[in-house]
Amino acid sequence: MPARVPITESNRSGTSTHQDISARHAMGLAALLGLFTGIQGADPGIASTALLTSSRALHMDPATQALASSISTLMLAATVISTGLLADRLGRKRVLLGALLLAALGDAVAAAAMNPAMFLIGRAIAGIALGAVFGSSFAYLRTVTPEGKLGAAMGVFSGAGGVVPVLSGYVGGYLIAVNWRLAFLIIPVLSVLAFVAALVFLPTVPKISGGPLDVMGQATLALGIVAMLYGFSHAPAGASSPLTWGPLLGGILLLVGFLVRGHRIAHSFFPMSLLRNPGFLAAVCIGFGFNLFQGVGVLQVGNLWQFVDGWSTFTVALAFVPMTLLSIAASVLLGGLSFERSTLIAGIASVASCLAFAAVLVSRNYLAILPALLLMGIGFAGLVPYGSLILKIAPPESFGVVTSSRTTIGQFGYSVGLAGGMVLLDAITGNRVTHDLVKQGVTPPDLGEALTAVHKYTQFGSTPAGQNGQALVTVAHDAYRSAFVVTMTVTALVIAALTAMALVAHRRWVAARVATASS
């Protein structure tokens, strides 16, 4: 019989909850919670795959289609911290159960949509609900984990969370070919099953009473996040566009206003003192960095295979399977290591992956690419020490708020990686194409049209028309490969810097805790 360990959340929730849970049982619950978060991870993949078919069926115009692709993510990022606060006040299990049912309702509405407005409402509901599912499940990990086992539980949690998106992605791809509405029923089915499992297996966590609601602070933060992410989403289409810099500027002003107000009022719903905590700084660095790596890596490697090498979307999905499987295994293994060791391993793997891709992608041989792809999988496991650190530093009175900020920080990193990678690639590709076309004698009047065609090709895969279309594609391929090498090299430098900053900040945090304990 395994030893039974009394689990208390008195250190983290401000209450005293004793759960007589064995260490083995705790790992099982960590896996279950990870599967719940996997539902949130699966949703955007299913939605993006089904977007083209669903938007055509519902006769969406380009602007509505763009909104449909991002509304779930925007609503999730804007509300996840507030739903974390709600879980503290109403009870984590109650909010998790309600969020699962709401997620099922949201995507069911999207599946049954008869017009774009109904589809957008459904996807917005799903985004809010799935943010609460992820935040509540992640915060629950502290409750079901014995002392000293948090890292291992985080590894199991992250590994299990990677399983659902993989399986649902393939099921979704099959269902979309039959009817796009069927694909949007995957999340409702998974959410209902998760509801039953949560109801039966999860212990009840006491509410965290007291503390400020700070409605104005919540609203300012939510609007600032939405504006920033909306601006990032438009950056690949044109960094100089008002749709890019306008929301970004507005978002920055709102977030600065949130910070200034938070430091001036007596009680902010988010603990402002945490922003001066080196432990939180370390978490922000690795959370931002490894999510940025995901945003650059998966999209740009996939684009290269699809648009330059001509691989089908199914082939691209298969090519990523080894990376995904290794990422799941690496998450479990890194969970058993210290923060510094696991962060260092993931950081080195991420940097090595970027440099390896930059070195070998001149080849179309998959076996030559595989080492870089596997290193990417190990790098993605860096989100394990990130999650563990957030759980450790979250103060008892604001536990749900701080743990839910993990999702917001990660979303910012991913969005910057996604937009930054696309902007950098597009700029370098455009300059290289301009140089090559001028060298070939293309006149200035034709140059603008050619660059527009290349931009559409790199963004959407639209092959230029006309007699010179294929020749232009060849020029674009060479330019894109050169731009990819530069982009991956820059990404490697950014990840190296953020990893180093995280390790230095974490050591300062540990030293400060030791000094406090000794005094």
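For what it's worth, my numbering labels the leading residue of the sequence shown as 1, then goes sequentially. In this text, a Cβ means the ideal position worked out from N, Cα and C, and glycines have one as well.
{"Item": "Element boundaries [alpha helix (DSSP H), containing lysine 392]", "Value": "383-393"}
{"Item": "Through-space distance from glycine 257 to threonine 220, alpha-carbon basis", "Value": "8 Å"}
{"Item": "Reduced DSSP category for alanine 266 - H, G, I as helix; E, B as strand; rest coil", "Value": "coil"}
{"Item": "Every unbroken alpha helix (DSSP H) inside the segment 136-172 [4 residues or more]", "Value": "150-161"}
{"Item": "Three-state secondary structure assigned by DSSP to threonine 79", "Value": "helix"}
{"Item": "CB contact flag (valine 284, alanine 78, <8 Å)", "Value": "no"}
{"Item": "Contact check, alanine 58 vs alanine 126, beta carbons under 8 Å", "Value": "A small correction: the amino acid at residue 58 is leucine; alanine does not occupy that position in the sequence shown. Their beta carbons are not under 8 Å apart, which means leucine 58 does not touch alanine 126 by this criterion."}
{"Item": "C-beta atoms of phenylalanine 134 and alanine 50 nearer than 8 Å", "Value": "no"}
{"Item": "Phenylalanine 201 versus Val144, Ser191, Ser82 and Leu254, residue with shortest Cα-Cα distance", "Value": "Val144"}
{"Item": "Local conformation of glutamate 9 per DSSP, three classes", "Value": "Per-residue confidence for glutamate 9 stands at a pLDDT of 39, beneath the threshold of 50, marking its modelled position as unreliable; no derived number is given."}
{"Item": "Where threonine 474 falls, given that 16 or more other Cβ within 10 Å makes a residue buried", "Value": "exposed"}
{"Item": "Buried versus exposed, by CB contacts within 10 Å (16 or more), tyrosine 174", "Value": "exposed"}
{"Item": "Short Cβ contact (8 Å threshold) for alanine 330 with isoleucine 286", "Value": "no"}
{"Item": "C-beta atoms of isoleucine 328 and valine 164 nearer than 8 Å", "Value": "no"}
{"Item": "Pick from Leu255, Phe36 and Ala349 that is closest to valine 156, judged by C-alpha positions", "Value": "Phe36"}
{"Item": "Buried/exposed call for methionine 376, threshold 16 Cβ in 10 Å", "Value": "buried"}
{"Item": "Beta-carbon gap between alanine 349 and alanine 372 smaller than 8 Å", "Value": "no"}
{"Item": "Sequence-distant residues of the same chain with beta carbon closer than 6 Å to serine 353, five excluded per side", "Value": "Ala372, Leu375, Met376 and Gly379"}
{"Item": "Proximity to tryptophan 509 [Cα-Cα], best of Leu274, Leu213, Arg261 and Ile208", "Value": "Leu274"}
{"Item": "Alanine 132 beta carbon less than 8 Å from that of alanine 104", "Value": "no"}
{"Item": "Close Cβ partners of alanine 500 (< 6 Å) along its chain, the five nearest in sequence each way excluded", "Value": "none"}
{"Item": "Three-way DSSP call (helix, strand, coil) for serine 240 in this model", "Value": "coil"}
{"Item": "Extent of the continuous alpha helix (DSSP H) to which leucine 325 belongs", "Value": "321-334"}
{"Item": "Straight-line Cα distance separating serine 241 from phenylalanine 484", "Value": "24 Å"}
{"Item": "Stretch pair the segment 307-320 + the segment 411-430: three plus CB contacts closer than 8 Å", "Value": "no"}
{"Item": "Cα-Cα separation, threonine 204 to serine 137", "Value": "12 Å"}
{"Item": "Candidates Lys149, Gly161 and Leu150, of which the one nearest aspartate 43 by Cα", "Value": "Gly161"}
{"Item": "Pairwise C-alpha distance: alanine 153 and isoleucine 390", "Value": "14 Å"}
{"Item": "Closest residue to asparagine 277 among Gly28, Ala512 and Met27 (Cα-Cα distance)", "Value": "Ala512"}
{"Item": "For threonine 491, the nearest candidate out of Gly148, Thr343, Phe280 and Phe290 (CA to CA)", "Value": "Phe290"}
{"Item": "Assumed close pair valine 224, phenylalanine 270 - CB separation to whole angstroms, cut-off 8 Å", "Value": "One point to set straight first is that residue 224 is glycine, not valine, in the sequence displayed. Contact doesn't hold; Cβ gap of about 12 Å is too wide."}
{"Item": "Under 8 Å between C-beta atoms of serine 518 and leucine 150", "Value": "no"}
{"Item": "Element boundaries [alpha helix (DSSP H), containing methionine 376]", "Value": "366-380"}
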